[in-house]
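Scroll down for the structure; my scribbles are underneath it.
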């Protein structure tokens with residue numbers, strides 16, 4: 001919300017959101033690789049206290065962010081004055097259809113963003129002989145690197161989105177990436193599991209470095225979805241708050257609450273995996289969510305409540 005406000009919304013707002021999100025993707029790329037490497041080297045002598053240095057570093061980062069935000073002068077163009085509160089407003093952000101549909105889109109989006117890599121990891125690390133949903137039986141560290149590829153592609157996508165954001169509207173971007181994601185998901189679900197492809201991974205041990213690991217070709221297409229999900233957040237937010245004026249601040253708060261979809265949609269996906277005994281079949285949940293985002297880009301994002309005063 002802050003980046004969108006600083007850029008004045010529109011194409012510029014989406015562009016700045018993508019550049020800002022690319023920094024998030026850098027961390028998201030590194031963490032699964034390092035996490036998988038550490039998990040792969042845990043022994044019976046490993047103690048919880050061994051993680052204390054990493055936790056202290058994380059606490060220090062949060063403290064620095066808190067201090068920076070506390071001393072920054074952040075502009076609030078739609079902040080109400082005391083006199084504004086005396087008049088009760090008969091409308092709210094929920095009075096705008098395109099915003100309501102946008103909150104649903106962001107709800108399912110966060111679930112998609114989280115669900116795709118998480119279930120890649122579950123499929124790769126679960127034994128082929130496991131009860132219930134079967135997996136590929138890959139080493140945890142190797143699987144972490146494959147998951148890291150998804151986040152790396154998100155970073156690339158956001159950098160591209162930031163570079164091209166001023167040339168293409170949020171509607172166009174969201175339409176294109178949603179359509180492409182649907183194609184990748186279909187290929188990923190229907191590709192023969194016997195057909196494999198080599199993907200880059202981080203290898204630890206005596207000779208630390210990068211190598212190649214063979215995985216089902218469908219997993220590669222699931223990872224490629226990272227290119228598509230990368231710019232969805234910025235596009236959805238930009239479209240959802242367009243034309244809200246004084247309601248933008250409240251709308252941003254409601255919007256951020258809806259990220260809870262990242263904890264709910266994976267539960268549904270997991271339930272489907274349990275019922276079907278297939279991690280791959282669970283991606284139909286992701287497919288349905290992406291299909292909704294395509295609907296929002298094509299139809300749902302239109303502001304049909306322009307008669308409501310927003311000044």
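Residue numbers (full-length UniProt numbering): 1 to 311. All C-beta atoms in this analysis are idealised placements derived from N, C-alpha and C, irrespective of residue type, glycine included. Because the structure is a prediction, the values reported are computed rather than measured.
- Here residue 193 is exposed, its C-beta having fewer than 16 other C-beta atoms within 10 Å.
- If one requires a minimum length of 4 residues, the alpha helix (DSSP H) runs lying completely within the region 198-275 are 217-229, 232-241 and 248-257, in chain order.
- Around the beta carbon of residue 277, a 10 Å sphere encloses fewer than 16 other beta carbons of the protein chains shown; the residue is thus reported as exposed.
- For residue 118, the uninterrupted alpha helix (DSSP H) run begins and ends at 97-125, by DSSP.
- Burial state of residue 213 is buried, judged by a 10 Å Cβ sphere holding 16 or more other Cβ atoms.
- Assignment of residue 302 by DSSP, reduced to helix, strand and coil, places it in the coil class.
- Within the same chain, 184, 185, 187, 188 and 191 come within 8 Å of residue 221 by CB-CB distance, once the 5 residues on both sides are set aside.
- Annotated three-state conformation of residue 196 is strand, per DSSP.
- Per DSSP, residue 169 lies in no alpha helix (DSSP H) segment and is marked neither H nor E.
- In the three-state reduction of the DSSP assignment, residue 145 falls in the helix class, which pools H, G and I.
- Going by C-alpha positions, residue 89 is about 14 Å away from residue 251.
- Counting only the Cα atoms, residue 311 lies some 28 Å from residue 69.
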